[in-house]
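Novice: Numbering (this note's numbering), first residue to last: 40 to 141.
We put the CB at the ideal spot given by N, CA and C, even for glycine.
Quick one: this structure, given as structure tokens, is what I'll be asking you about.
Here it is as structure tokens:
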């Protein structure tokens with residue numbers, strides 16, 4: 040069985056920790072892998088979601104950290120996609136569908 044968390048939020052949206060802090064914590068607690076799932080950009084809730092520019096930085100940083108920790112921790116780049124947001128879905132390993140606002 041794999042020990043992983045694929046639903047996480049960092050300082051790129053409404054989380055309190057950096058991506059790297061979360062990787063280190065997961066490693067220290069025996070996780071096999073971690074997936075980051077920042078909230079997709081939502082013009083109606085900007086404080087809880089990634090900005091459009093921030094989304095590109097997020098994907099880039101996740102990829103850099105995946106390389107840095109390769110062989111020690113599998114790192115996935117995901118997105119928690121609010122169903123009524125319009126964003127480019129390229130460059131993610133997985134998508135979590137969400138419907139927080141209706």
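Could you compute how far the alpha carbon of residue 143 sits from the alpha carbon of residue 83?
Specialist: The chain is shown from 40 up to 141; residue 143 falls before or after that span and cannot be answered.
Novice: Using the rule of at least 16 other Cβ atoms within 10 Å of the residue's Cβ for burial, across every protein chain shown, is residue 40 buried or exposed?
Specialist: Stepping through the chain shown from its first residue, residue 40 is reached at position 1. Classification of residue 40: exposed, given that the 10 Å Cβ count is below 16.
Novice: May I ask which residues mark the beginning and end of the alpha helix (DSSP H) holding residue 98?
Specialist: Locating residue 98 in the chain shown gives position 59, where the first residue counts as 1. Note, residue 98: alpha helix (DSSP H), 91-107.
Novice: Cα-Cα, which of 72, 56, 50, 68 is closest to residue 108?
Specialist: Here residue 108 refers to the residue found at position 69 when the chain shown is read from its first residue. When each option's Cα is compared against that of residue 108, the closest is 72.
Novice: Do residue 52 and residue 77 have their C-beta atoms within less than 8 Å of each other?
Specialist: Indexing the chain shown from 1 puts residue 52 at position 13. Indexing the chain shown from 1 puts residue 77 at position 38. Yes, Cβ-Cβ distance for residue 52 and residue 77 is below 8 Å.
Novice: Can you look up residue 118 in the DSSP assignment and give me helix, strand or coil?
Specialist: Walking along the chain shown from the start, residue 118 turns up at place 79. In this structure, residue 118 counts as strand in the three-state DSSP scheme.
Novice: From the DSSP output, in three-state form, read off residue 86 for me.
Specialist: Walking along the chain shown from the start, residue 86 turns up at place 47. If DSSP states are grouped into helix, strand and coil, residue 86 belongs with the helices.
Novice: Residue 125 to residue 80, Cα distance in whole Å?
Specialist: Walking along the chain shown from the start, residue 125 turns up at place 86. Walking along the chain shown from the start, residue 80 turns up at place 41. Each residue's alpha carbon lies about 8 Å from the other.
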